[in-house]
Amino acid sequence: MSIPANHPRRESLLIREKLVEGYRRNIVALEGLIAHGRGECFDYLLGEKTHGFALKAIRAAVAHLLLAKHPVISVNGNTAALVPREIVELAEVTGAKLEVNLFYRTREREEAIAKHLMEHGAREVLGVGDDASATIPELFSERRRVSPRGILIADVVFVPLEDGDRTEALRKMGKTVIAVDLNPLSRTARMASVTIVDNIVRAVPLMIKEAIQLKSMSRDKLEEIVRNYDNNRVLQEALETILERLRELSSSQLILRPY
Numbered sequence: 002m003s004i005p006a007n008h009p010r011r012e013s014l015l016i017r018e019k020l021v022e023g024y025r026r027n028i029v030a031l032e033g034l035i036a037h038g039r040g041e042c043f044d045y046l047l048g049e050k051t052h053g054f055a056l057k058a059i060r061a062a063v064a065h066l067l068l069a070k071h072p073v074i075s076v077n078g079n080t081a082a083l084v085p086r087e088i089v090e091l092a093e094v095t096g097a098k099l100e101v102n103l104f105y106r107t108r109e110r111e112e113a114i115a116k117h118l119m120e121h122g123a124r125e126v127l128g129v130g131d132d133a134s135a136t137i138p139e140l141f142s143e144r145r146r147v148s149p150r151g152i153l154i155a156d157v158v159f160v161p162l163e164d165g166d167r168t169e170a171l172r173k174m175g176k177t178v179i180a181v182d183l184n185p186l187s188r189t190a191r192m193a194s195v196t197i198v199d200n201i202v203r204a205v206p207l208m209i210k211e212a213i214q215l216k217s218m219s220r221d222k223l224e225e226i227v228r229n230y231d232n233n234r235v236l237q238e239a240l241e242t243i244l245e246r247l248r249e250l251s252s253s254q255l256i257l258r259p260y
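Quick note: the sequence shown uses the working numbering, first residue 2, plus one each step.
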């Protein structure tokens with residue numbers, strides 16, 4: 002689809018096209034298209050920009066990944082469709098492993114996502130086929146299947162665009178869980194150790210930049226970043242920002258005039 006360069010919703014439409022193409026390639030589940038629409042609604046409320054609270058979370062998230070002994074980035078269909086090259090680069094910079102994990106899991110989708118990531122530079126992708134031989138306790142969806150070389154032994158797991166039940170299950174296993182979620186009220190956002198309330202297409206590139214900067218920092222400094230981070234406060238700040246934006250909008254001129 003050709004989208005005019007001056008279209009006022011060009012970026013949003015390009016994102017949608019990536020997801021639709023991902024669906025055609027068996028990377029994105031049909032339900033993933035619905036989930037994206039729900040998230041886009043919250044991006045409207047946030048003004049479609051990255052806020053200070055998200056930057057705090059990004060810094061803490063990267064510090065966790067750099068401190069981890071076994072960091073893993075969990076990849077679902079929407080993540081693979083929207084930021085494949087960026088997620089591979091983040092794994093390289095932080096030393097994390099990549100693992101496919103899906104709610105609507107089929108062998109074909111696993112392989113399609115792994116192939117897509119490798120086309121964008123990944124050297125290894127876990128969680129495909131027989132490699133997903135371990136299980137997460139107390140979880141009964143297909144998301145329970147994980148790689149014994151990846152998520153099972155991970156101490157820090159980055160779960161962008163995740164569902165809440167697995168986030169909760171991973172926390173119960175004693176793992177640090179990092180999430181990207183535009184909805185600060187979701188179970189994922191409230192269960193995660195670090196929640197980046199931002200659009201994944203903005204958040205992951207910022208995580209890469211932050212990781213490059215923090216890699217030269219001492220372990221003590223990284224631990225200080227982690228120690229001083231308050232996820233509950235970050236979620237409160239996200240809600241306060243949404244409230245303030247709604248107050249401003251509710252007292253402003255909302256009608257768009259064609260002249």
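Where a beta carbon is used, it is the ideal one built from N, C-alpha and C, also for glycine.
Because the structure is a prediction, the values reported are computed rather than measured.
Rounded to whole angstroms, the Cβ separation of T196 and L140 is 20 Å, and the two are not in contact under 8 Å. Every unbroken stretch of the beta strand (DSSP E) spanning 3 or more residues and falling wholly within the stretch 78-149 is given here in chain order: 98-101.
DSSP, read as helix, strand or coil, puts T242 in helix. Nearest neighbour of F54 by Cα position, chosen from N233, R258, L257, R248, turns out to be N233. N200 is the residue among P149, N200, I28 whose C-alpha sits nearest the C-alpha of E41. In this structure, the alpha-carbon of Y45 lies about 35 Å from that of I137. DSSP, reduced to helix, strand and coil, places A30 outside both helices and strands of the structure shown, so it counts as coil. The Cβ-Cβ distance between G23 and A81 falls below 8 Å. Under DSSP, V195 shares a beta bridge with I179. Residue range 72-76 is occupied by the beta strand (DSSP E) that includes S75, with no alpha helix (DSSP H) assigned at that position. In terms of Cβ geometry, G165 and R188 form a close pair [threshold 8 Å]. Looking at the DSSP output, F159 bridges to I74, I179.
Judged by beta-carbon spacing, A170 lies beyond the 8 Å limit of D182, meaning their Cβ atoms are not closer than that value. Nearest to L68 by C-alpha distance, out of V227, H37, D231, L257, is V227. Across the structure, A64 and E224 are spaced so that their CA atoms are roughly 7 Å apart.
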